[in-house]
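K.L.:
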Amino acid sequence: MSTTAPVLELSGIHKEFAGISVLRDVQLKLYPGEIHALMGQNGAGKSTLIKVLTGVLASSGGEMRLAGETIRPGSPLEAQQLGISTVYQEVNLCPNLSVAENVFAGRYPRCGMAQGWRIDWAAVNREAQQLLARIGLDIDVTRLLSSYPVAVQQLVAIARALGVSAKVLILDEPTSSLDDDEVNKLFDVLRRLRDEGLAILFVTHFLNQVYAVSNRITVLRNGGWVGEWRAADLGPQALIAAMLGRELAAQSARPTALPAFDESATALLQAEGLGQAGQLQATDLRVRAGEVVGVAGLLGAGRTELARLLFGLETPDRGVLKIDGRSVTFSSPADAIREGLALCPEERKTDGIVAELSLRENIALALQARLGVRRFLSLAEQTALAERFVTSLGIKTASVETPIGLLSGGNQQKAMIARWLATEPRLLILDEPTRGVDVAAKQEIMEQMLQLAKAGMAVIFISSEMSEVVRVAHRIVVLRDRRKVGELPGGSTEDEVYEMIAAEHV
Numbered sequence: 041m042s043t044t045a046p047v048l049e050l051s052g053i054h055k056e057f058a059g060i061s062v063l064r065d066v067q068l069k070l071y072p073g074e075i076h077a078l079m080g081q082n083g084a085g086k087s088t089l090i091k092v093l094t095g096v097l098a099s100s101g102g103e104m105r106l107a108g109e110t111i112r113p114g115s116p117l118e119a120q121q122l123g124i125s126t127v128y129q130e131v132n133l134c135p136n137l138s139v140a141e142n143v144f145a146g147r148y149p150r151c152g153m154a155q156g157w158r159i160d161w162a163a164v165n166r167e168a169q170q171l172l173a174r175i176g177l178d179i180d181v182t183r184l185l186s187s188y189p190v191a192v193q194q195l196v197a198i199a200r201a202l203g204v205s206a207k208v209l210i211l212d213e214p215t216s217s218l219d220d221d222e223v224n225k226l227f228d229v230l231r232r233l234r235d236e237g238l239a240i241l242f243v244t245h246f247l248n249q250v251y252a253v254s255n256r257i258t259v260l261r262n263g264g265w266v267g268e269w270r271a272a273d274l275g276p277q278a279l280i281a282a283m284l285g286r287e288l289a290a291q292s293a294r295p296t297a298l299p300a301f302d303e304s305a306t307a308l309l310q311a312e313g314l315g316q317a318g319q320l321q322a323t324d325l326r327v328r329a330g331e332v333v334g335v336a337g338l339l340g341a342g343r344t345e346l347a348r349l350l351f352g353l354e355t356p357d358r359g360v361l362k363i364d365g366r367s368v369t370f371s372s373p374a375d376a377i378r379e380g381l382a383l384c385p386e387e388r389k390t391d392g393i394v395a396e397l398s399l400r401e402n403i404a405l406a407l408q409a410r411l412g413v414r415r416f417l418s419l420a421e422q423t424a425l426a427e428r429f430v431t432s433l434g435i436k437t438a439s440v441e442t443p444i445g446l447l448s449g450g451n452q453q454k455a456m457i458a459r460w461l462a463t464e465p466r467l468l469i470l471d472e473p474t475r476g477v478d479v480a481a482k483q484e485i486m487e488q489m490l491q492l493a494k495a496g497m498a499v500i501f502i503s504s505e506m507s508e509v510v511r512v513a514h515r516i517v518v519l520r521d522r523r524k525v526g527e528l529p530g531g532s533t534e535d536e537v538y539e540m541i542a543a544e545h546v
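Counting in the numbering used here, the sequence shown runs from 41 upward without gaps.
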């Protein structure tokens, strides 16, 4: 523990929305010359805490002290003026402006008429160059920001944050769009700033990155403060246990019997070294007819990125994808659909349902797209199709004409599965199919998935709920930090999966 006084200290921070507590008694101490990792699962309260820190939200209770003085920033600008600067996951700069203009936007140096007459562009460019040099970046500051890669734009955002005499720098998932080399360059910058005495709060889902640069770690869980540790004293397994709220036991309940499938059969889908720079490292995967392959990993591990590459939503820049043993290239999801693939996406609300359309129309969408404009499904055909899946999947609705946005989350999810089953796929990719649905709906969805596998459909099941993965998967592919770290057989326990995720070397 540092003997220096903290530059920023939070004690007893609470936040409520409509009487519902989302932060409870949160503690945080940021010391000068340290990188402090803020960890927690999705929904743990990290984003809310950052919003309180930066004045986006007012706390409902507790105290914040900066350099020993109580503060209560009322806006991000006020927080910045106090010396608290934030760089977000998505670079929120202006790509149509120059690098220098982005560094000084809203606070340009001026000259003439007592320094208020006009912008001093020479000073803008000169001082921007000096700020970038501070973080080891030597580029032409007069060029448009959009002409530089994301990694450089991220560093420009950091330079802008430093330009306001920051005492505290908050980095919210800054590496999510960077490849390994770019991450290493960013970490060199962070170490340089740390050594200059800056206090840095680092939010990430990548375990290896936590241990690469962090001096200390604070863990949040379900809006509450779990604890603070020196990074050297908290190993990966203990960190995961703190995030989960339980110790990793020696044994966990094992899954029930799964449908049998032909293990000697040729893989229906096989990926060999499939990957994309900044999104997923070279990954091998195979799945056979009737097999449920689970994909496990913590948030940010690369699960959704893998699904998008397999389905043609993203284009791989390395590796080979095979269907029935022959190489294929998907230039769009339409190509994947023609090969018998289907994807239920992670974000049901934004990438799945069309809330204003009826249940009937939502279910018919994918089949109509597959048939094309020359073969329109009639109203009678759409109705019959929807009613068949309402019955077979147990979708609870007053009518197939009910707007899907009015249905519960579980029934919306079943409708998304129905949409793709209508195309009669050979392989179904389910990305977080049970997220946001009640326990009964989760049970029904997983039972339906096993019935599909029993009928011969191949299934890739992606879930952040590890108990679900070990329960229904014949085989488990484990990802960490956007790379495959290993596979486990069906019957493995949750703890065995977590231990593989936490292992430094697999």
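Quick reminder that beta carbons are idealized off the backbone N, C-alpha and C, glycines included.
Alpha carbon to alpha carbon, how far is Arg147 from Leu97?
P.N.:
Taking the sequence shown and counting its residues from 1, the one referred to as residue 147 is at position 107. Taking the sequence shown and counting its residues from 1, the one referred to as residue 97 is at position 57. Taking the straight line from one Cα to the other gives about 24 Å.
K.L.:
What does Arg234 pair with, by DSSP beta-bridge criteria?
P.N.:
Here residue 234 is taken as the residue at index 194 of the sequence shown, counted from 1. Beta-bridge pairing links Arg234 to no other residue.
K.L.:
Between the C-alpha atoms of Gly530 and Ile516, what's the straight-line distance to the nearest angstrom?
P.N.:
Position 490 of the sequence shown, counting from 1, holds the residue named residue 530. Position 476 of the sequence shown, counting from 1, holds the residue named residue 516. So the alpha carbons of these two residues sit roughly 7 Å apart.
K.L.:
Considering Ser61, what are the terminal residues of the beta strand (DSSP E) in which it resides?
P.N.:
Looking up residue 61 in the sequence shown gives position 21. Unbroken beta strand (DSSP E) run through Ser61: 60-70.
K.L.:
Helix, strand or coil: how does DSSP classify Glu303 here?
P.N.:
Counting from 1 along the sequence shown, the entry for residue 303 is found at position 263. Correct three-state label for Glu303: coil.
K.L.:
Do you know whose CA, among Leu218, Gln81, Ser87, lies nearest Gln321's CA?
P.N.:
In the sequence shown, counting from the first residue as 1, residue 321 sits at position 281. Measuring from the Cα of Gln321, the nearest candidate turns out to be Leu218.
K.L.:
In chain order, what residues of the same chain lie with their CB nearer than 8 Å to the CB of Thr88, ignoring the 5 residues before and after it?
P.N.:
Within the sequence shown, residue 88 is the residue found at index 48, counting from 1. Taken in chain order, the residues that qualify are Lys55, Val62, Leu63, Leu97, Gly263.
K.L.:
Within the same chain, show all residues whose beta-carbon is closer than 6 Å to that of Ala272, passing over the 5 residues directly before and after it, in chain order.
P.N.:
In the sequence shown, residue 272 corresponds to position 232, counting from 1. Around Ala272: no qualifying Cβ.
K.L.:
Could you compute how far the alpha carbon of Ser125 sits from the alpha carbon of Ala409?
P.N.:
Residue 125 sits at position 85 when you count from the first residue of the sequence shown. Residue 409 sits at position 369 when you count from the first residue of the sequence shown. Approximately 47 Å, taken between the alpha carbons.
K.L.:
Per DSSP, what kind of secondary structure is Leu361 in: helix, strand or coil?
P.N.:
Taking the first residue of the sequence shown as position 1, residue 361 is located at position 321. Reduced to three states, the DSSP call for Leu361 is strand.
K.L.:
Does DSSP classify Lys524 as helix, strand or coil?
P.N.:
Working through the sequence shown from its first residue, we reach residue 524 at position 484. Lys524: strand per DSSP, three-state reduction.
K.L.:
To the nearest angstrom, how far is it from the Cα of Leu45 to the Cα of Val181?
P.N.:
Counted from its first residue, the sequence shown places residue 45 at position 5. Counted from its first residue, the sequence shown places residue 181 at position 141. Just to set this straight, residue 45 is Ala in the shown sequence, not Leu. Roughly 37 Å separates the two Cα atoms.
K.L.:
Rounded to a whole number of angstroms, what is the C-alpha to C-alpha distance between Thr323 and Arg523?
P.N.:
Position 283 of the sequence shown, counted from the start, is the residue given in the question as residue 323. Position 483 of the sequence shown, counted from the start, is the residue given in the question as residue 523. Cα to Cα, the separation comes out at about 7 Å.
K.L.:
If distances are taken between C-alpha atoms only, which option among Glu379, Gly52, Glu484 comes closest to Pro465?
P.N.:
Position 425 of the sequence shown, counted from the start, is the residue given in the question as residue 465. The shortest C-alpha separation from Pro465 is found at Glu379.
K.L.:
Residue range of the beta strand (DSSP E) that Val499 falls in?
P.N.:
Here residue 499 corresponds to residue number 459 of the sequence shown, with the count starting at 1. 498-502 is the extent of the beta strand (DSSP E) around Val499.
K.L.:
Between Gly359 and Pro113, what straight-line distance do the alpha-carbon atoms span, to the nearest angstrom?
P.N.:
Here residue 359 refers to the residue found at position 319 of the sequence shown. Here residue 113 refers to the residue found at position 73 of the sequence shown. Distance between the alpha carbons of Gly359 and Pro113: 49 Å.
K.L.:
Does the beta-carbon of Pro135 have 16 or more other beta-carbons within 10 angstroms, so that it is buried, or is it exposed?
P.N.:
Counted from its first residue, the sequence shown places residue 135 at position 95. Flag for Pro135 reads exposed.
K.L.:
DSSP on Ser532, reduced to helix/strand/coil?
P.N.:
What you label residue 532 is simply residue 492 of the sequence shown in a count that begins at 1. Coil.
K.L.:
Where in the region 238-272 do unbroken runs of the alpha helix (DSSP H), each at least 4 residues long, occur, reported from the N-terminal end onward?
P.N.:
Positions of the alpha helix (DSSP H) runs, each at least 4 residues long and wholly inside the region 238-272, are given as 247-253 in order along the chain.
K.L.:
For Glu22 and Pro72, I'd like the C-alpha separation in whole angstroms.
P.N.:
Only positions 41 to 546 of the chain appear in this structure, which leaves residue 22 out of reach.
K.L.:
Report the partner residues of Asp178 according to the DSSP bridge assignment.
P.N.:
Reading the sequence shown from its first residue, position 138 is the one you call residue 178. None; Asp178 has no bridge partner.
K.L.:
Can the beta-carbon of Ala543 be found less than 8 Å from the beta-carbon of Leu247?
P.N.:
Locating residue 543 in the sequence shown gives position 503, counting from the first residue. Locating residue 247 in the sequence shown gives position 207, counting from the first residue. Result no, Cβ atoms of Ala543 and Leu247 do not sit closer than 8 Å.
K.L.:
Taking the C-alpha atoms as reference points, what is the distance between Gly330 and Met486?
P.N.:
The residue given as residue 330 occupies position 290 in the sequence shown. The residue given as residue 486 occupies position 446 in the sequence shown. Take the alpha-carbon of Gly330 and the one of Met486: they are about 14 Å apart.
K.L.:
Given a cut-off of 8 Å, decide if Ala498 and Leu467 are closer than it, judged by their beta-carbon atoms.
P.N.:
As a working note, residue 467 is residue 427 in the sequence shown. As a working note, residue 498 is residue 458 in the sequence shown. In terms of Cβ geometry, Leu467 and Ala498 form a close pair [threshold 8 Å].
K.L.:
Distance check for Val509 and Thr431, CA to CA, integer angstroms please.
P.N.:
For the purposes of this step, residue 431 is taken as the residue at position 391 of the sequence shown. For the purposes of this step, residue 509 is taken as the residue at position 469 of the sequence shown. Their Cα atoms are separated by approximately 26 Å.
K.L.:
Could you tell me which residues DSSP pairs with Leu209 in its beta bridges?
P.N.:
Taking the sequence shown and counting its residues from 1, the one referred to as residue 209 is at position 169. Note: Leu209 sits in a beta bridge opposite Ser125, Ile240.
K.L.:
Would you call Leu446 buried or exposed, if buried means 16 or more other Cβ atoms sit within 10 Å of its Cβ?
P.N.:
On the sequence shown, residue 446 is found 406 positions in, with the first residue counted as 1. Result: exposed.
K.L.:
Flag this pair as yes or no: are the beta carbons of Ala404 and Ala382 separated by less than 8 Å?
P.N.:
Mapped onto the sequence shown, residue 404 falls at position 364. Mapped onto the sequence shown, residue 382 falls at position 342. No. Outside cutoff.
K.L.:
Between which residues of its own chain and Val546 is the CB-CB distance below 7 Å, once the five residues before and five after are set aside?
P.N.:
On the sequence shown, residue 546 is found 506 positions in, with the first residue counted as 1. Its pLDDT being 39, under 50, Val546 is placed unreliably in this model, and the value from its coordinates should be taken loosely. Only Val525, Gly526, Met540 meet the Cβ criterion.
K.L.:
Can you tell me whether Ile60 is buried or exposed, with buried defined as 16 or more other CB within 10 angstroms of its CB?
P.N.:
Looking up residue 60 in the sequence shown gives position 20. Burial call: exposed.
K.L.:
One question on the structure: do Pro299 and Leu490 come within less than 8 Å of each other, judged by their Cβ atoms?
P.N.:
Translated into the one-based positions of the sequence shown, residue 299 becomes position 259. Translated into the one-based positions of the sequence shown, residue 490 becomes position 450. In contact: Pro299 and Leu490 (Cβ atoms closer than 8 Å).
K.L.:
Ends of the beta strand (DSSP E) at Leu314?
P.N.:
As a first step, residue 314 is located in the sequence shown; it is residue number 274 there, counting from the start. Here the beta strand (DSSP E) through Leu314 covers 309-316.
K.L.:
Ends of the alpha helix (DSSP H) at Ile469?
P.N.:
The residue you call residue 469 lines up with position 429 of the sequence shown. Segment 467-471 is the beta strand (DSSP E) holding Ile469; no alpha helix (DSSP H) there.
K.L.:
Going straight from the alpha carbon of Leu50 to that of Ala84, what length do you get?
P.N.:
Locating residue 50 in the sequence shown gives position 10, counting from the first residue. Locating residue 84 in the sequence shown gives position 44, counting from the first residue. In a straight line, the C-alpha of Leu50 is about 17 Å away from that of Ala84.
K.L.:
What three-state label does DSSP hand Phe57 in the structure shown?
P.N.:
Numbered from its first residue, the sequence shown carries residue 57 at position 17. It is a strand residue.
K.L.:
Measure the alpha-carbon distance for Asp221 versus Val192 and round it to whole angstroms.
P.N.:
Position 181 of the sequence shown, counted from the start, is the residue given in the question as residue 221. Position 152 of the sequence shown, counted from the start, is the residue given in the question as residue 192. For Asp221 and Val192, the distance between alpha carbons rounds to 12 Å.
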